[in-house]
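A short write-up of the structure that comes next.
2 protein chains.
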Amino acid sequence: MGRPPTLEDVARVAGVSRATVSRVINGTRNVDPAIQETVRAAVRTTGYAPNSAARSLVTRRTGAVGLVISGAGEGGDEAAYRRYVFSDPFFGRVVDGVMGALRPRGMHPMLMLAETADAREQVVAHLRQGIADGALLVSTHGEDPLPGMLTSAGVATVLFARPARPVPAGYVDLAHRDGARLAAEHLLARGCRRPVTICGPLDVLAGQERLDGFNQAMARHGHAYVPCAEGNFTASAGEQSMTRLLREHPDLDGVFAANDLMARAAVQVLREQGRRVPQDVAVVGFDDSSAATATRPELTTVRQPVEEMAGEMVRLLLTALESPEAPPESVIFEPDLVVRESA
Amino acid sequence: MGRPPTLEDVARVAGVSRATVSRVINGTRNVDPAIQETVRAAVRTTGYAPNSAARSLVTRRTGAVGLVISGAGEGGDEAAYRRYVFSDPFFGRVVDGVMGALRPRGMHPMLMLAETADAREQVVAHLRQGIADGALLVSTHGEDPLPGMLTSAGVATVLFARPARPVPAGYVDLAHRDGARLAAEHLLARGCRRPVTICGPLDVLAGQERLDGFNQAMARHGHAYVPCAEGNFTASAGEQSMTRLLREHPDLDGVFAANDLMARAAVQVLREQGRRVPQDVAVVGFDDSSAATATRPELTTVRQPVEEMAGEMVRLLLTALESPEAPPESVIFEPDLVVRESA
DNA sequence: GCGCAACGGGAGAGCGCTCTCCCGCTCTCC
DNA sequence: GGAGAGCGGGAGAGCGCTCTCCCGTTGCGC
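Which chain is which? The protein sequence lines are A and B, in order.
Under my numbering, the first residue of the first sequence carries the number 3, and numbering increases by one thereafter.
Under my numbering, the first residue of the second sequence carries the number 3, and numbering increases by one thereafter.
Structure representation (structure tokens):
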């Protein structure tokens with residue numbers, strides 16, 4: 003009794019064929035109710051659990067999907083990158099959304115980090131071996147080669163955010179420009195006269211578009227030029243940018259930060275410098291992450307429905323898996339403005 | 003050419019047997035260098051990638067380990083629980099440490115959440131089917147039945163934190179009492195006279211031990227009774243607890259919070275109430291998570307080397323996998339005090 | 001020169017499952 | 001009453017890989 007029971011064992015105990023046991027377990031075809039019960043009893047007494055490797059060998063499905071976080075070109079500090087990834091609430095939300103959509107289907111996400119060229123090769127190699135049924139890819143950098151590598155390796159892939167260069171893979175994304183416009187109009191409506199912005203990294207499309215959208219909306223209302231400091235979506239970048247903007251534009255009265263982490267840092271800097279938020283300076287963030295409600299005052303922010311977007315990624319991947327020949331689908335989500343206390 | 007190339011195809015192209023190709027790919031035995039090159043060339047021209055399902059079927063190894071986050075008994079709000087898990091930096095650190103140790107071995111973590119009885123059954127069922135080689139389990143609640151379920155299902159398991167009731171599984175843990183003592187002595191050394199503590203949930207061993215260690219150390223120095231408010235390791239709990247302690251003990255001059263998230267919230271409350279940190283009130287946290295350095299002033303805290311502990315879990319699991327009959331091993335880590343600005 | 005390792009390669013038996021056939025039976029309909 | 005459809009079950013062929021045997025070839029010591 004050393005080895006775990008197999009279908010064969012269950013069949014012998016139940017006095018039926020392997021095929022019948024398989025049918026009962028998978029519910030693939032009608033089986034006589036009495037026999038079904040016999041089989042189920044045999045499964046119970048033997049303590050049988052189907053071997054998933056054997057199953058995937060023939061079904062060509064593993065029930066796993068690779069959840070790949072990719073970014074940081076060469077020369078970056080990998081450890082720092084990992085620290086960034088695991089501390090940014092954004093990725094937790096992605097995982098949450100992915101798991102929520104996977105779970106009812108009995109599937110699981112397999113975490114993969116691709117922060118170096120080597121790691122990327124590894125990820126592609128493993129995925130090509132069929133370790134997972136497909137890949138959900140979140141790139142944190144603009145010119146990530148991974149989407150292209152994955153698709154040309156024949157791995158079913160769905161991306162978070164439209165890739166910089168077109169790739170035959172579906173994606174979900176947010177209408178960043180609209181979100182930034184919402185932020186701009188809200189600041190203006192509150193009477194903000196001297197807005198500034200802490201924008202995201204400009205080599206990332208999302209960073210670019212949030213800045214564009216904000217600037218365009220501001221321009222439409224007579225603010226042709228809005229001072230801007232670039233940050234890389236981290237708290238310390240937000241701190242530095244806010245400090246600089248404050249020094250160069252001491253009369254600023256409104257800040258739009260391209261994500262909540264930077265907005266939060268901006269609020270901290272402002273308060274340390276004696277500015278009241280929102281009375282002296284209004285601050286609007288982006289994402290509506292947990293950082294938004296953890297900040298005092300709570301952040302007014304542009305909501306990006308990350309969990310739903312991640313869930314949609316799963317759905318897109320699953321349909322791509324079902325009909326591999328169909329052209330990739332994509333979905334763009336619309337942001338909302340969530341008004342709280344900071345603006 | 004529809005189906006992906008198999009070993010057989012490579013063997014045909016290279017003009018050798020399947021076995022030889024397998025040997026070259028896995029480097030299992032000496033193979034004539036010339037033949038090796040031929041085989042490698044054939045692999046390249048065919049674009050061959052070994053099928054991992056077929057491989058695991060015979061090797062009985064998947065290269066995946068389940069990373070299970072478990073907790074929240076019945077009746078809990080699952081969505082809220084997930085939000086908690088994914089926003090607490092602690093779990094990110096666990097994932098980071100696990101991936102760091104798994105990666106050089108070409109393995110991957112498979113994320114599994116077990117926040118309800120159903121989910122627990124699912125997790126056990128999947129793991130029994132061999133979807134992963136073993137499980138790394140992080141329980142957030144004391145009386146979690148999952149460790150027992152897993153071990154009696156024959157799943158190789160390593161736990162983060164010693165389980166409430168003994169289970170035949172290895173674990174890693176921290177000397178929580180020592181850490182709390184460090185915090186107490188530091189507060190005392192700074193001249194703190196009226197300490198209070200925001201302790202963790204008392205149904206979790208870590209919460210209990212941190213409180214005990216703190217109280218014992220305080221008692222040794224003449225503070226027989228230290229006011230305490232219980233929190234569940236979240237920021238909002240920290241906020242409420244601090245507010246209450248401040249109301250009931252307005253003259254407090256030192257706070258020990260059982261984790262950084264609560265310490266951070268405590269700092270915020272204190273400052274909002276006009277107390278200066280650390281001049282009026284010293285605050286010590288626990289964990290040394292990213293929250294510690296994101297707080298202003300930066301948190302003095304007891305360092306829990308979560309990443310290393312998680313890496314050790316992987317190592318323990320791997321050795322358990324190698325020698326299934328050996329008794330489970332465990333490792334206890336020692337905490338350090340990290341002195342920053344808040345105390 | 002002979003025996004014996006040791007080496008390098010091939011053949012083939014599974015690993016445990018699914019799924020396509022195929023077959024016998026019953027039921028219906030004319 | 002007979003034909004045809006449909007249902008429920010079994011037999012068996014793989015899925016693609018690893019690994020144990022087995023065998024021919026060298027190399028070396030005596």
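Positions of the beta carbon are idealized from the N, C-alpha and C atoms, including for glycine.
Bear in mind the structure is a predicted one, so any value in this text is a computation, not a measurement.
For A:GLY150, the secondary structure class from DSSP, reduced to helix, strand or coil, is helix. The beta carbon of A:PRO307 lies closer than 7 angstroms to those of PHE335 in the same chain, with the five residues before and after it left out. The beta-carbon of B:ASN32 is placed no less than 7 angstroms from the nearest beta-carbon of chain A. Rounded to the nearest whole angstrom, the CA to CA distance from A:ARG277 to B:THR297 is 18 angstroms.
Under DSSP, B:ALA66 takes part in a beta bridge, and its partners are B:HIS110. Interface annotation, B:LEU115: in contact with chain A, CB-CB separation under 7 angstroms.
The beta carbon of B:VAL341 lies closer than 8 angstroms to those of HIS188, THR302 in the same chain, with the five residues before and after it left out. Going by DSSP, A:ARG305 is part of the beta strand (DSSP E) stretching over 302-305. Between B:ASP98 and chain A, the shortest Cβ-Cβ separation is below 7 angstroms. For the set A:VAL160, A:LEU272, A:ASP289, A:ARG222, the Cα lying nearest the Cα of A:ARG212 is the one of A:ASP289.
The region 254-270 of chain A and the region 199-217 of chain A touch, with no fewer than 3 CB-CB distances between them shorter than 8 angstroms. Inter-segment contact for the region 266-277 of chain A and the region 312-328 of chain A is absent: fewer than three beta-carbon pairs are separated by less than 8 angstroms. When the beta-carbon positions are compared, A:VAL15 and A:ARG25 stay at least 7 angstroms from each other. Here B:VAL157 carries a coil assignment [DSSP, helix/strand/coil]. With 16 or more other Cβ atoms inside 10 Å of its own Cβ, A:ASN53 counts as buried. B:ALA21: member of the alpha helix (DSSP H) spanning 20-28, first to last residue.
DSSP places A:PHE335 within a strand segment (E or B) once states are collapsed to three. If you check the CB distance, B:GLY68 and B:ALA163 do not come in under 7 angstroms.
In this structure, the alpha-carbon of A:ALA116 lies about 27 angstroms from that of B:LEU59. A straight-line Cα-Cα distance of about 16 angstroms links B:PRO91 and A:ALA294. A:PHE162 is outside the set of residues whose beta carbon lies under 7 angstroms from a beta carbon in chain B. Think of a sphere of 7 angstroms around the beta carbon of B:GLY240: no beta carbon from chain A falls inside it, the nearest being about 11 angstroms out. A buried status is given to A:HIS178, since no fewer than 16 other beta-carbon atoms sit within 10 Å of its beta-carbon. By the 16-neighbour rule on beta-carbons within 10 angstroms, A:TYR50 is buried. In summary, B:LEU323 is exposed, with fewer than 16 beta-carbon neighbours lying within 10 Å of its beta-carbon over all protein chains present. Of the candidates B:VAL206, B:ILE71, B:ALA166, B:GLU10, B:ILE71 places its Cα closest to the Cα of B:ALA137. Secondary structure of B:ALA293 (DSSP, three-state): helix. For the pair of segments examined, the region 227-236 of chain B was found not to touch the region 167-182 of chain B: the number of CB pairs separated by less than 8 angstroms stays below three. Its chain contains GLY73 as the residues whose beta carbon lies nearer than 6 angstroms to that of B:THR142, once the 5 sequence neighbours on both sides are disregarded; these appear in chain order.
For B:PHE88, the three-state secondary structure derived from DSSP is helix. When DSSP states are grouped into helix, strand and coil, A:PRO197 belongs to the strand group. Looking at the backbone, the Cα of A:ASP146 and that of A:ALA119 are separated by about 10 angstroms.
Under the three-state reduction of DSSP, A:ILE133 is assigned to coil, being neither helix nor strand.
Contact check for B:ALA267 against B:VAL285 fails: the beta carbons are separated by 7 angstroms or more. Between A:GLN131 and chain B, the shortest Cβ-Cβ separation is below 7 angstroms. Residue B:VAL12 holds the alpha-carbon nearest to the alpha-carbon of B:ALA43 among B:VAL12, B:ALA328, B:ALA66, B:VAL228.
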